[in-house]
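Going down the list, the protein sequences come from chains H and B.
Taking the numbering used here, the leading residue of the first sequence gets 33, the next gets one more, and so forth.
Taking the numbering used here, the leading residue of the second sequence gets 41, the next gets one more, and so forth.
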Amino acid sequence: MIDSLTDSLEQYMNLVSLRQKLVASNIANADTPGYKTQDLDFQASFRSALDGGSPQAVQVSGLKTKNDGNNVDLDREARLLAENAMRFSVASNLMHSAISQVKEAISGGKG
Amino acid sequence: MSLFSALTVSATGMAAQRTRAALLVENIANSETTRTPEGGPYRRKDAIFTTQDVGSAFGTEMDAQLAGSTLSGVNVAGISVDTRDPEKRYMPGHPDADANGYVSIPRINPAEDMVDLVGANRSYQANVSAMSAVKDMIQKSIDLLR
């Protein structure tokens, strides 16, 4: 959009919001029999997103499966929910300052 | 890729948990009911949850193009009714007693329903938290325009 930093930030915010959507989906399905927790491999997805690839949701391994075949861990999802919100907040503040700099330049420091 | 579909997902979760809580409360209220329109004592009900793709046709198609996956909400697929035989309690004076003096009482364990109700409540709160976190993220994006 403005420079390479804001391009990366944009990809980062896209990925964080996609991850937040998966977390919301996991929480909504916490009591659905047979549902498996979905998540992103964040590092791999971010690297591929910078090269123009699209992220793929994967099933999370290593979680305890309950008797009904569901493996959603609400504590894990609550942690990710808070973490994603904070990561998004950091990225959006950085983006805001980048935009403010351009605005400042446009107004010639008078604004 | 819009965050609004995450709000829809949380909303389906809240609706499903609300339905479940309503059924559990109905079970507790009717734990001594010996007459129903269908005849016989009340039978325990529970909600059956399934995953359900959310969003409008346009939104779903766009998400599929961008992310290669669609989001799953939750849907109440049906209501299961307990088919076990009711409990028999010896109450000869009761108007619904059979020839031997036994009354059919619903097979409901209040402790089981109370525990499920706490679970439904907790899941509902988790969905509310998710919705609130996503709402804050949307607000942050809007604030970029200021």
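No residue lacks a Cβ here, since even glycine has one placed at the ideal position from N, Cα and C.
Taking any Cβ of chain B, which residues in the region 123–134 of chain H have a Cβ under 7 Å from it, in chain order? Ser124, Met127, His128, Ile131
Quick check: the Cα distance between Phe89/B and Arg108/H, rounded to an integer number of angstroms? 21 Å
For chain B, find out if any of its Cβ atoms is closer than 8 Å to the Cβ of Ile59/H; answer yes or no. yes
Beta-carbon within less than 6 Å of His134/B's beta-carbon, same chain only, minus the 5 sequence neighbours each way: which residues are those? Val143
Can you give the Cα-Cα distance for Met131/B and Thr110/B, rounded to whole angstroms? 57 Å
Comparing the C-beta of Ala137/H with each C-beta of chain B, is any distance below 8 Å? no
By Cβ distance below 6 Å, which residues in the same chain neighbour Gly113/B in space, the five residues on each side in sequence not counted? Val49, Thr52, Gln92, Val94
Does any C-beta atom of chain B lie closer than 8 Å to the C-beta of Tyr44/H? Not one chain B Cβ lies under 8 Å of Tyr44/H.
Chain H residues whose Cβ lies nearer than 8 Å to that of Asp153/B: The contacting residues do not exist; Asp153/B stays about 15 Å from chain H at best.
Exposure label - Val158/B; buried when at least 16 CB within 10 Å: exposed
Along the region 64–84 of chain B, what residues have a CB closer than 9 Å to any CB found in chain H? none
Could you tell me if Met171/B is buried or exposed, where buried requires 16 or more neighbouring beta carbons within 10 angstroms of its beta carbon? By the neighbour-count rule (16 or more Cβ atoms within 10 Å), Met171/B is buried.
What does Asp86/B pair with, by DSSP beta-bridge criteria? Ser120/B
Verify whether the separation of the beta carbon atoms of Phe120/H and Lys180/B is less than 8 Å. yes
Where Ala76/H and Ser86/H are concerned, what is the direct C-alpha to C-alpha distance, given to the nearest angstrom? 11 Å
From which residue to which residue does the beta strand (DSSP E) around Arg129/B run? Run containing Arg129/B: 127–130, per the beta strand (DSSP E) assignment.
In three-state terms, what does DSSP make of Gly141/H? Residue state, collapsed to three classes: coil.
Does Tyr44/H come out as helix, strand or coil in the three-state DSSP assignment? In the three-state DSSP reduction, Tyr44/H falls in the helix class (H, G or I).
Would Asp176/B count as contacting chain H if we go by Cβ distances under 8 Å? yes
So what's Met41/B in DSSP terms, helix, strand or just coil? In this prediction, Met41/B scores a pLDDT of 49, lower than 50, which makes its location untrustworthy; the coordinate-derived value is nonetheless stated afterwards. Coil.
At a Cβ threshold of 8 Å, is Ser120/B touching chain H? no
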